[in-house]
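Colleague:
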Amino acid sequence: MNIAIPNIAPTRLKQGSGEAVLAVLSALVNAAISGAGYDFQPIDYSQVSRYDELAAVADAEDEQGADEIEDNVVIDSDDDDEVYVRAVSGSRNAKSDADHPPTPKVDVEEWKMEVERVAPLLQVRQSSLDDWRSRIESATVLFKAVENMYPDAKQMLERLASDMDKSRDRIQKREQTLAQQFSDQVEDYRVKLRELNTSRDSANVAQQTVQQMSVELNQISELLDQTKRDIAERQAKISDTTPLIQVKEAVVKVQAEIKLMSLRIGILQNGVLQHVMKQTKARREGQTIERADMYNGGIMFS
341 MNIAIPNIAP TRLKQGSGEA VLAVLSALVN AAISGAGYDF QPIDYSQVSR
391 YDELAAVADA EDEQGADEIE DNVVIDSDDD DEVYVRAVSG SRNAKSDADH
441 PPTPKVDVEE WKMEVERVAP LLQVRQSSLD DWRSRIESAT VLFKAVENMY
491 PDAKQMLERL ASDMDKSRDR IQKREQTLAQ QFSDQVEDYR VKLRELNTSR
541 DSANVAQQTV QQMSVELNQI SELLDQTKRD IAERQAKISD TTPLIQVKEA
591 VVKVQAEIKL MSLRIGILQN GVLQHVMKQT KARREGQTIE RADMYNGGIM
641 FS
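Here the sequence shown is numbered in this note's numbering, starting from 341 and rising by one per residue.
#1: State the CB to CB distance for the pair Val-304 and Leu-353, rounded to an integer number of angstroms; the pair is presumed to be in contact (CB under 8 Å).
#2: I'd like the ranges of any beta strand (DSSP E) spanning at least 3 consecutive residues and lying wholly in the segment 458-515.
#3: Can you name the start and end residues of the alpha helix (DSSP H) that Ala-372 belongs to?
#4: Whole angstroms are fine: how far does the CA of Lys-593 sit from the CA of Arg-604?
#5: Where do the N-terminal and C-terminal ends of the alpha helix (DSSP H) with Thr-351 fall, by residue?
#6: Distance, Cα to Cα, Asp-565 vs Thr-582?
#7: Using the three-state DSSP reduction, which class does Asp-570 fall into: helix, strand or coil?
#8: Ordered along the chain, which non-local residues of its own chain (more than five positions away) have a Cβ less than 7 Å from that of Gly-358?
#9: Quick one, are the C-beta atoms of Ile-348 and Ala-367 less than 8 Å apart?
#10: So what's Asp-528 in DSSP terms, helix, strand or just coil?
#11: Distance, Cα to Cα, Leu-533 vs Met-489?
#12: Could you give the DSSP three-state label for Asp-447: helix, strand or coil?
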């Protein structure tokens, strides 16, 4: 294709971004323009005055002017279209002439005036972190910084790794020596630990037994307290002799009444006995009289 492309590795082109891809695209565009018959001179950016965007942004009063400038840009876009149409028409007319190289039929002075008019309206935007170009530049700068720091850091890390390996070996040897020296103590410690665990188990069992017996003791204590309260109540009732005295007095009264009744019964019995004896005596005397009369009458009849 006779295209001057710099020596670039294919792996960099597979990424689809970066300076290598831009260089290839620039070479292809230049070849296409040259094949179309265009001849552009390189732009001298040293003579173009830069627009100080930061100063304009810092001034709060320029916000309204910025809106007016945007309106002017929209209105003046028709003039730019006319310039572009004239340039394209001139290029098309130049293609018809195959003997002479085509040159754009644009007035240089008019173009410079247009550039001077539009240049202040252009805004310079700061590179954003989201822009892939800025990320590539930052990555390139960081990569170069890492490349510069890598040899020294590598030596330091290797030295640190070797020191750590030596320290680890010394620690392992020291651990082995200590393990050999204190093997008997370690075995004794294991035996004591097993005994301690056994004692703890026994203590736990004894503690559970003590808790159970404590519960039983509390129950027995409650029963004992209840029994003591019952005994105290009964003793209090027994120590109160008022009812007993009243009973004794009642018994004495009953006995006195019984004696009085016995005396009255004896008197009545004596009276009844005398009355019966009188009747019996009278009956006997009557029978004796009747017998005497009967005897006397028999004698008389005889």
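A virtual CB, placed ideally from N, CA and C, is assigned to each residue, including glycine. Remember, it's a predicted structure, so these values are computed and weren't measured experimentally.
Modeller: Inspection of the coordinates gives the following:
#1: This structure cannot settle anything about residue 304, because the visible part of the chain is limited to 341 through 642.
#2: Runs of the beta strand (DSSP E) inside the segment 458-515: none found.
#3: The residue you call residue 372 lines up with position 32 of the sequence shown. Run containing Ala-372: 359-376, per the alpha helix (DSSP H) assignment.
#4: As a working mapping, residue 604 is identified with position 264 in the sequence shown. As a working mapping, residue 593 is identified with position 253 in the sequence shown. Rounded to the nearest whole angstrom, the C-alpha separation of Arg-604 and Lys-593 is 16 Å.
#5: Here residue 351 refers to the residue found at position 11 of the sequence shown. Looking at the DSSP string, the run of the alpha helix (DSSP H) that includes Thr-351 is 350-354.
#6: Locating residue 565 in the sequence shown gives position 225, where the first residue counts as 1. Locating residue 582 in the sequence shown gives position 242, where the first residue counts as 1. Using only the alpha carbons, I get a separation of about 28 Å.
#7: If you number the sequence shown from 1, residue 570 lands on position 230. Taken through DSSP and simplified to helix, strand or coil, Asp-570 comes out as helix.
#8: Start at 1 with the first residue of the sequence shown, and residue 358 comes out as number 18. So the qualifying residues of the chain are Arg-352, Ile-476.
#9: The residue given as residue 348 occupies position 8 in the sequence shown. The residue given as residue 367 occupies position 27 in the sequence shown. Result no, Cβ atoms of Ile-348 and Ala-367 do not sit closer than 8 Å.
#10: Taking the sequence shown and counting its residues from 1, one reaches residue 528 at position 188. Of the three classes helix, strand and coil, the one that applies to Asp-528 here is helix, per DSSP.
#11: Taking the first residue of the sequence shown as position 1, residue 533 is located at position 193. Taking the first residue of the sequence shown as position 1, residue 489 is located at position 149. Distance between the alpha carbons of Leu-533 and Met-489: 55 Å.
#12: To locate residue 447, count along the sequence shown from 1; it is residue 107. In this structure, Asp-447 counts as coil in the three-state DSSP scheme.
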